[in-house]
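To keep things clear, I will list the structure first and then write my remarks on it.
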Amino acid sequence: MATPQTPYEAVLHAARDVTRLDCALDAEMLGTALLGSVYAVAEHDRDTALREFVAGFLVATARRRSAAAATIRSVFAALVPDAEGAARVRAGALAPAWAGQLGRVRLTGAWCYGDVYGDQTSWLATFAYDDEEGGPEHALVALVDHNIGIAKDIFVGGPAGRVVEQARELCTADELTWFREEDPARMRAEVSRHLAVTDDLEELPAEGSLATDRALAGARLALLPAGPVPALPVPPEVDRTALVRAFLAAPEAARFGLDAVDGDDLASLHFCLSLLLDHAASFPDADPLRWSPMVAELFLLDWVHRRAVLDMDDAALLPRVLRAWAAYAARLRGLPARAAADTDRAIEELVPEFARLYSTGERRSPATAAVAQLMADGVDPDDPAALNAWIEANRDRLSD
25 MATPQTPYEA VLHAARDVTR LDCALDAEML GTALLGSVYA VAEHDRDTAL REFVAGFLVA
85 TARRRSAAAA TIRSVFAALV PDAEGAARVR AGALAPAWAG QLGRVRLTGA WCYGDVYGDQ
145 TSWLATFAYD DEEGGPEHAL VALVDHNIGI AKDIFVGGPA GRVVEQAREL CTADELTWFR
205 EEDPARMRAE VSRHLAVTDD LEELPAEGSL ATDRALAGAR LALLPAGPVP ALPVPPEVDR
265 TALVRAFLAA PEAARFGLDA VDGDDLASLH FCLSLLLDHA ASFPDADPLR WSPMVAELFL
325 LDWVHRRAVL DMDDAALLPR VLRAWAAYAA RLRGLPARAA ADTDRAIEEL VPEFARLYST
385 GERRSPATAA VAQLMADGVD PDDPAALNAW IEANRDRLSD
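As structure tokens, this is what we get:
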């Protein structure tokens, strides 16, 4: 056979044996894998890229009469039913018997599970075909990462019962996780909202089956009951002053000696506390009490270097303030003692790298690097004349 000249011909060639598959699920798994390459190479708005590719494929293959061409057209139409022309696709007489079952599944259950910190939530739904020719019952699992606000991975496979039981057993055996039945409308809304963010990323997460299973996952999500799509979380009104006062009166502050801080160190203490609250406000849920080993790592090894300029007193005090605050937050949220201990241990282990990054300044943003240099040069940021003179003297360096 001649080398395919277009992406559509390449897909037809890759799908040449589709009619030899045993069931509709196998065909849908093949179809979603083929569309995965389209999803992965798109630079943005990948969901639209899938629709446009399928629409173009259906036009380009409209006159193909082979059984394989007719069948893969039906597969793509079932996977991306909102693509232009998908509703008009018919399998035809040459298609396998199972072609009539493409996309014809019903929901058999929905659950979700995650960690007690609130870092990640996995949403799980199981589906069965209307007829056994469609294939076995299977599961959709979508992993939402709340620290970066995306659907980080998607998996479609089976056997469905084993997937559910493995998730249930894993969570039952670990006190730092939870598992529950879930409203499928809520699953559709939450996964779709986070998946829309993923679809527009410049670079996809490197691991997992996100790209290859995206089209099939979207088709299955669309079959879940539609409910009101929750808006992006609105940051709660936080009385920062009251929260800080309550913390400083708490036993965790006393345990780390923060209740006795005074003099010049008091300014550093309140600056460190303001950084913790500002960091929490940068998350979609804006919860100042949601801390975990991962959130602590993001804060100490990345965010604080990009967003703040610390002097030596601030840098020396910050890890101790974070340990006390994380312990306080864990108690208020009712987390297991092990969860609080793991976060505290993680912070201790992060301190050497935090100190190294502080000393090298390698993760500072251009803005924080400029402010740090200004302070190192002894310029008062509140003195307009001195500030303007410094900017003029350093204009070439600041423009690099």
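Numbering of the sequence shown is given in the working numbering, commencing with residue 25 and proceeding in unit increments.
Where is the CB? At the ideal position from N, CA and C, for every residue including glycine.
Please confirm whether residue i and residue j have their CB atoms less than 8 Å apart.
i           : j           : result
residue 132 : residue 138 : no
residue 250 : residue 209 : yes
residue 295 : residue 343 : no
residue 165 : residue 179 : yes
residue 101 : residue 248 : no
residue 114 : residue 154 : no
residue 289 : residue 229 : no
residue 147 : residue 204 : no
residue 322 : residue 171 : yes
residue 188 : residue 163 : yes
residue 363 : residue 313 : no
residue 267 : residue 325 : no
residue 215 : residue 184 : no
residue 371 : residue 320 : yes
residue 346 : residue 301 : no
residue 168 : residue 218 : yes
residue 355 : residue 276 : yes
residue 161 : residue 181 : no
If we count the other Cβ atoms within 10 Å of its Cβ and call it buried at 16 or more, is residue i buried or exposed?
i           : result
residue 303 : buried
residue 43  : buried
residue 336 : exposed
residue 46  : exposed
residue 125 : buried
residue 298 : exposed
residue 291 : exposed
residue 293 : buried
residue 376 : exposed
residue 223 : buried
residue 156 : exposed
residue 8   : Lying before the first or after the last residue shown, residue 8 is absent from the chain, which here runs from 25 to 424.
residue 444 : Residue 444 cannot be examined here, being either before or after the span of the chain that is shown, 25 to 424.
residue 121 : exposed
Would you kindly work out how many angstroms separate the C-alpha atoms of residue i and residue j, rounded to a whole number?
i           : j           : result
residue 361 : residue 281 : 21 Å
residue 91  : residue 305 : 56 Å
residue 273 : residue 265 : 12 Å
residue 238 : residue 105 : 14 Å
residue 256 : residue 159 : Note on residue 256: pLDDT 48, under 50, position unreliable in the model; the coordinate value appears next. When rounded, the distance between both Cα atoms is 37 Å.
residue 39  : residue 368 : 53 Å
residue 270 : residue 78  : 57 Å
residue 173 : residue 89  : 45 Å
residue 285 : residue 278 : 10 Å
residue 72  : residue 220 : 11 Å
residue 316 : residue 119 : 53 Å
residue 318 : residue 327 : 12 Å
residue 245 : residue 384 : 47 Å
residue 350 : residue 190 : 31 Å
residue 411 : residue 65  : Residue placement at residue 411 is poorly supported in this model, since its pLDDT is 47, which falls under 50; the coordinates still yield a value, given next. If you take the alpha carbons of residue 411 and residue 65, they lie about 46 Å apart.
residue 50  : residue 56  : 10 Å
residue 103 : residue 243 : 5 Å
residue 193 : residue 206 : 17 Å
residue 227 : residue 96  : 28 Å
residue 94  : residue 52  : 14 Å
residue 261 : residue 308 : 14 Å
residue 99  : residue 123 : 8 Å
residue 422 : residue 70  : Only weak support is given to the placement of residue 422: the predicted model assigns it a pLDDT of 48, under 50, and the question is left unresolved by the model.
residue 186 : residue 387 : 44 Å
residue 41  : residue 63  : 22 Å
residue 116 : residue 225 : 38 Å
residue 348 : residue 374 : 15 Å
residue 58  : residue 365 : 46 Å
residue 330 : residue 338 : 15 Å
residue 130 : residue 81  : 28 Å
residue 287 : residue 142 : 37 Å
residue 109 : residue 310 : 43 Å
residue 37  : residue 211 : 36 Å
residue 333 : residue 61  : 43 Å
Report yes or no: is there a C-beta of chain C within less than 8 Å of the C-beta of residue i?
i           : result
residue 283 : Protein chains in the displayed structure number just one, and chain C is not present.
If you measure from the CB of residue i, is any heavy atom of the ligand FMN nearer than 7 Å?
i           : result
residue 261 : Ligands displayed in this structure: none; no statement on the ligand FMN is therefore possible.
Legend entry - Meets three-Cβ-pair contact criterion under 8 Å: the stretch 31 to 43 and the stretch 73 to 89: Contact holds: three or more Cβ-Cβ distances are below 8 Å.
Legend entry - Inter-stretch contact at 8 Å, needing at least 3 Cβ pairs: the stretch 193 to 200 / the stretch 226 to 235: Not touching, per the Cβ criterion.
Inset, instruction - Kindly provide the ranges of any alpha helix (DSSP H) runs that are 4 or more residues long and lie completely inside the stretch 198 to 249, ordered along the chain. - result: The qualifying runs are 208 to 223 and 234 to 245.
Legend entry - Completely contained alpha helix (DSSP H) runs for the stretch 32 to 88, where each covers 4 or more residues: Runs of the alpha helix (DSSP H) lying entirely within the stretch 32 to 88, each at least 4 residues long, are 48 to 65 and 70 to 84 in chain order.
Inset, instruction - Give, in chain order, every unbroken run of the beta strand (DSSP E) that is at least 3 residues long and sits entirely within the stretch 76 to 155. - result: Listed in chain order, they are 129 to 139 and 144 to 153.
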